[in-house]
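Written out below as structure tokens is the structure these notes cover.
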Amino acid sequence: MQTKQLSCLKQLGTNQLGDILQCLELPEIIRFQLTCQDLFHKLKNKNSIWLSILQSWMQDENHSVVIHQNEYIPQILRLNSAQFNKMCKYQSQVYEILMSIHQLTSQCLHSDSHLMIEGIESSTQDYDQSIMKTVQRHKNDYFWSSEGSKNESDQEYLIYKIASRDQSESALITSIVMKVFQANFQFNDPLYPPKQIQIEIGNELEKYHYKSKIFQVIQNTQDEQKFSLYPDLVCGQYIKITLFGKPQIQRMNGQRYIAIGYVGLIGQNLRFIQQANITNLLASEELQIKERESDQNEELKTCEKCINLQEQQNFDSLKF
0 MQTKQLSCLK QLGTNQLGDI LQCLELPEII RFQLTCQDLF HKLKNKNSIW LSILQSWMQD
60 ENHSVVIHQN EYIPQILRLN SAQFNKMCKY QSQVYEILMS IHQLTSQCLH SDSHLMIEGI
120 ESSTQDYDQS IMKTVQRHKN DYFWSSEGSK NESDQEYLIY KIASRDQSES ALITSIVMKV
180 FQANFQFNDP LYPPKQIQIE IGNELEKYHY KSKIFQVIQN TQDEQKFSLY PDLVCGQYIK
240 ITLFGKPQIQ RMNGQRYIAI GYVGLIGQNL RFIQQANITN LLASEELQIK ERESDQNEEL
300 KTCEKCINLQ EQQNFDSLKF
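Reading the sequence shown from the start, the letters are residues 0 to 319 in numbering that gives the first Met the number 0.
What follows is the structure, encoded as structure tokens:
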């Protein structure tokens, strides 16, 4: 199988994408094709050979890629379209840059140290249990709590910023760490987790260029839980964590709460990365992210406008 694939590689023309991918060994090519769906759009009308090769390897973005038989190799990265376009311009440097980024992300993935962050905003707050009490890793009696509510499907959010004394700070963010608070001073020591979380990252408050998939939260543990953004390469200054669902009811008042003891970020500050071409690549933002919920909201608004217009027309016809 690999012999046939390698023979196909030799048939590549001199197009830019072919030149780039020829810089890589076959296993790296297989990983590189997982950068994003944008690769397929570029290939569709340019190179049918590459399309046939890569399409046979393409799997769901959350799975590994089968190389041969039962051997699986995990994705090493996935670029957004802006990063991908910038990577295409590096030509012969692609291999070196790719391997440098791989080394950087590997170091982050195996690191236990967390970036310095500060709490900026929370959707609600109960008494003095503010978001600022979630950034101290080993303060077990510190926590943020939402206000109580009756609806189990209610949402909350927390917004953090990469901490910096002098100027705005941006970082490569590979994982978010979260620890649910356990109220040992209440009957049966209840935990107050959300059901799910979703992570958004941007360079301005309330302007996010990245939105993660929705992660499931383990309900019955006080241990730190890690939510990896890997293989996405995501940089930014602001991090918004949306908390979905309030499964725990406080016995004293029958209200539902979410309580978080700690939030941390794993990654690397961009100012500590020496290679300018890598920082430029990492900092490239996707100009548009798919906002499925926003699209649905716009559809609903359009439907409402049509209904209102029809009702107004019916009312006007009755007047005459």
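Glycine residues also receive a C-beta, built at the ideal position from the N, C-alpha and C atoms.
As computed with DSSP, Val134 is found in no beta bridge at all. Of the residues assessed, Phe271 falls on the exposed side of the cut-off, its CB having fewer than 16 other CB atoms within 10 angstroms. Beyond the five residues adjoining it in sequence on each side, Ile217 comes within less than 7 Å, by CB distance, of Gln224 in the same chain, given in chain order. For Pro192 and Gly235, the gap between their C-alpha atoms comes out near 26 Å. In the three-state reduction of the DSSP assignment, Ile200 falls in the strand class. When secondary structure is reduced to three states using DSSP, His101 falls in the helix class. Annotated as distal: Gly147 and Ile130, with beta-carbon spacing of 8 Å or more. In this structure, Lys178 and Gln221 form a Cβ contact; the two beta carbons are roughly 7 Å apart against a cut-off of 8 Å.
Distances from the alpha-carbon of Asn79 to those of Val262, Ile277, Leu269 and Leu232 put Leu232 closest. With fewer than 16 other Cβ atoms inside 10 Å of its own Cβ, Tyr126 counts as exposed. Taking the CA atoms as reference points, Thr133 sits about 7 Å from Tyr141.
Judged by beta-carbon spacing, Ile200 lies within the 8 Å limit of Ile238, meaning their Cβ atoms are closer than that value.
Between Gln274 and Ile240, the alpha-carbon positions lie close to 30 Å from each other. Selection Gln82, Thr278, Ile175 and Gln166 evaluated against Tyr261 yields Ile175 as nearest (Cα-Cα).
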